[in-house]
Amino acid sequence: MTKISSTMLSVGTLLRRAEDTGARVSILVQGTWLEGRVIGCDGLGAVLDDEDGQALVRLDSVTAVRFQRAQVENGAFAEARAHGGGATGPIEAGPVTVPHPSRGEQRFLTAKPY
1 MTKISSTMLS VGTLLRRAED TGARVSILVQ GTWLEGRVIG CDGLGAVLDD EDGQALVRLD
61 SVTAVRFQRA QVENGAFAEA RAHGGGATGP IEAGPVTVPH PSRGEQRFLT AKPY
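With this note's numbering, the residue at position 25 of the sequence shown is 25, and numbering never jumps.
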């Protein structure tokens with residue numbers, strides 16, 4: 001049986017928040033820390049720009065994300081992103097509830113209530 005976890009949701013949430021605010025992040029990928037600003041992030045990967053080059057990283061390969069809370073929360077870097085600048089609240093993540101599948105049944109995570 002496959003264990004379903006909310007880890008990818010948390011990694012994606014942090015990277016999208018960093019993208020929105022222009023904050024610098026450090027991400028751990030296969031034992032190596034990569035640093036830079038997130039310039040793009042979707043459900044599968046993120047593009048990290050370190051001013052010398054760019055790296056495309058799959059979200060399922062990210063073990064940890066580090067960032068300076070002040071950069072994300074105070075909005076000082078909002079002008080770094082064209083779509084930033086709006087008020088943002090604290091980073092919140094709720095529990096992910098996944099119903100147990102019946103025998104032989106497969107379900108995928110959706111936003112729809114069960």
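Every residue gets a Cβ at the ideal spot worked out from N, C-alpha and C, and that includes glycine. Note that the coordinates shown come from a computational prediction; the quantities given were computed from them, not determined experimentally.
*Output the distance between the C-alpha atoms of G12 and D50, rounded to the nearest integer angstrom.*
Going by the C-alpha atoms only, they are around 19 Å apart.
*According to the neighbour-count rule (16 or more other Cβ atoms, all chains shown, within 10 Å of its Cβ), is P52 buried or exposed?*
The sequence given here places Asp at residue 52; Pro does not occur at that position. That one is exposed.
*Can you have a look at E56 and say buried or exposed, based on whether 16 or more other CB atoms are within 10 angstroms of its CB?*
It should be pointed out that residue 56 corresponds to Leu in this sequence rather than to Glu. With fewer than 16 other Cβ atoms from the protein chains shown falling within 10 Å of its own Cβ, L56 counts as exposed.
*How about V25 and V62: are their beta carbons less than 7 Å apart?*
V62 is positioned such that its CB atom lies no closer than 7 Å to that of V25.
_My output table needs one value for Q54: the three-state DSSP class, helix, strand or coil._
Under the three-state reduction of DSSP, Q54 is assigned to strand.
*Which residues in the same chain have their Cβ closer than 8 Å to the Cβ of G45, if we skip the five residues on either side of it in sequence?*
Closer than 8 Å at Cβ, skipping near neighbours: L56, V57, R58 and L59.
*Take the Cβ of E19 as the centre, count every other Cβ of all protein chains shown within 10 Å, and call the residue buried at 16 or more, exposed below.*
Burial call: buried.
*Start and end residues, beta strand (DSSP E) containing G36*: T32 to C41 is the extent of the beta strand (DSSP E) around G36.
*asked:* Given this structure, state the Cα-to-Cα distance separating A70 from G40, to the nearest angstrom.
replied: The alpha-carbon atoms of A70 and G40 are separated by roughly 21 Å.
*Looking at the structure shown, is G22 part of a helix, part of a strand, or coil, going by DSSP?*
Coil.
*Give me the Cα-Cα distance between E73 and L14, rounded to the nearest whole angstrom.*
If you draw a straight line from the Cα of E73 to the Cα of L14, it is about 12 Å long.
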